[in-house]
Amino acid sequence: MNNRKHRHHPPTVIPTRGPSREAVFSGPVEGWWYVDLVEIDHTDNGLIVHDLYVDLLIPPAANRYQLLDLDEFANALRTGQITPTQCATVLTQTQHFINHYLRGEEEGPIGESRAFPPPEVVALEQLPSLLQEPA
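Per our numbering, residue 3 is the first one in the sequence shown, and the count goes up by one each step.
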């Protein structure tokens, strides 16, 4: 990418579920989690979030998942929007997320297992939605 002068953090997984489930996911995917793999840069002006194209869709039971936007990811590599090094990092981080949060006990452990969604995200989910009118 370009030469930016700021602190750079490795790709981060941000689990998101819309502030109002009905506004984001309804029907068969209501309550599902959309996980976006991003890079976060700290600059003098604040944070810059770069979408790294690979996303996951996870049902509430977190017993399976869907990988999304791999075609966009491939196109970003093909057109030079991301470098081969960034591509390798995205693939590694995606696998780490799957290993830590989504592998079932029957599949055997690969590293430290963590709860999904993370407790920090569960706490945020309890906050009032910014999209809803105050009571």
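A virtual CB, placed ideally from N, CA and C, is assigned to each residue, including glycine. The structure displayed is predicted, hence computed values, not measured ones.
Using a Cβ-Cβ distance cut-off of 8 Å, the region 99 to 108 and the region 70 to 78 are not in contact, since fewer than three pairs of beta carbons, one from each stretch, lie closer than that value.
For Thr45, the uninterrupted beta strand (DSSP E) run begins and ends at Trp35 to Thr45, by DSSP. Per the coordinates, the alpha-carbon of Ile112 lies some 16 Å from the alpha-carbon of Phe118. Gln97 is classed as exposed because its beta carbon has fewer than 16 other beta carbons within 10 Å across all chains shown. The Cβ-Cβ distance between Val92 and Leu54 falls below 8 Å.
Looking at the DSSP output, Gln88 shares a beta bridge with no other residue. Ranking Leu104, Val124, Gln83 and Val40 by CA distance to the CA of Ala63 puts Leu104 first. Taking all protein chains in view, the Cβ of Glu114 is surrounded by fewer than 16 other Cβ atoms within 10 Å, so the residue is classified as exposed. In the structure shown, Leu129 falls within a coil segment according to DSSP collapsed to helix, strand and coil. Going by C-alpha positions, Pro121 is about 20 Å away from Val40.
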